[in-house]
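Visitor: Residue numbers (the numbering used here): 285 to 510.
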């Protein structure tokens with residue numbers, strides 16, 4: 285499923301299924317046995333035409349040459365399972381008023397965390413930029429805030445909630461989590477290929493992403509202190 289469909293998880297898990305998240309899946313893909321439908325329709329009453337007014341959607345069978353098994357192998361290779369902790373984070377963001385949610389749907393092409401010390405993003409957001417000694421770090425914090433598009437006036441708990449949701453929906457962060465456990469050299473190479481950058485940039489971006497993950501997602505970084 286895409287990052288906007290996490291609310292469906294309870295229904296899937298209650299029926300013994302697994303709920304996987306894929307940040308780069310944009311079209312809708314449905315399969316029941318050998319029957320496959322692809323298109324734009326969400327799995328909602330409006331999307332499926334069961335409510336009035338219904339959405340105008342496209343949902344059709346692919347050509348006979350479409351290899352759904354091969355497609356699903358590639359799809360699942362980049363998907364990750366949403367656990368209870370992550371689901372609760374998504375529920376927390378859903379409880380916030382829409383005007384306070386910021387931009388929680390991010391992709392690798394749009395944003396990778398830049399600020400080396402994530403606390404500096406909060407300091408700049410809270411009007412305490414002077415407390416960030418490095419001018420370069422202040423610039424990176426402003427760039428991250430520009431990507432996150434946070435509404436003004438958030439307290440620290442709401443700030444952390446929105447940033448954690450943005451991290452979880454970021455394809456770049458998903459890439460970092462996916463290579464967790466691989467030898468460093470292999471991880472740097474895979475990220476460099478995926479992000480179309482150098483290994484040195486991939487190494488630094490991975491370290492920065494783990495600083496954010498450790499800060500906002502309460503996950504212990506597997507990397508040595510930099």
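Each residue gets a CB set at the ideal place from its N, CA and C atoms; glycine is no exception.
Everything numeric in this text was worked out from a predicted model, so none of it was measured.
1) Quick one: grab the DSSP three-state call for residue 322.
2) Name the two residues that bound the continuous alpha helix (DSSP H) containing residue 409.
3) Spell out the partners DSSP gives residue 365 in its beta bridges.
4) Which residue wins for smallest C-alpha separation from residue 364, given the options 474, 455, 480, 477?
5) Among 355, 362, 312, whose alpha-carbon lies nearest the alpha-carbon of residue 344?
6) How far does the beta strand (DSSP E) with residue 315 in it extend, from its first residue to its last?
7) By Cβ distance, which residues of its chain are closer than 7 Å to residue 369, with the 5 residues on each side in sequence left out?
8) Hey, quick one: how far does the alpha helix (DSSP H) through residue 347 stretch, first residue to last?
9) Should residue 395 and residue 452 be called a contact, given that it needs their Cβ atoms to be closer than 9 Å?
10) Hey, residue 496 and residue 435: beta-carbon distance below 9 Å or not?
11) Give a yes or no on whether the C-beta atoms belonging to residue 457 and residue 425 are separated by under 9 Å.
12) Around the C-beta of residue 393, are 16 or more other C-beta atoms found within 10 angstroms, so that it is buried, or is it exposed?
Guide: In short, the structure shows the following:
1) Strand at residue 322.
2) Residues 403 to 409.
3) Answer is 304.
4) Per the Cα distances, 455.
5) It is 312 whose Cα lies nearest to the Cα of residue 344.
6) 312 to 316 is the span of the beta strand (DSSP E), which, as asked, contains residue 315.
7) Closer than 7 Å at Cβ, skipping near neighbours: no residue.
8) Run containing residue 347: none; DSSP gives neither H nor E here.
9) For the 9 Å CB-CB criterion, residue 395 and residue 452 do not form a contact.
10) Not a contact, by the Cβ cut-off of 9 Å.
11) Their beta carbons are not under 9 Å apart, which means residue 457 does not touch residue 425 by this criterion.
12) Low per-residue confidence applies at residue 393: pLDDT is 48, beneath 50, and the placement is therefore not dependable, though the value from the model is reported in the following sentence. By the 10 Å Cβ count, residue 393 comes out exposed.
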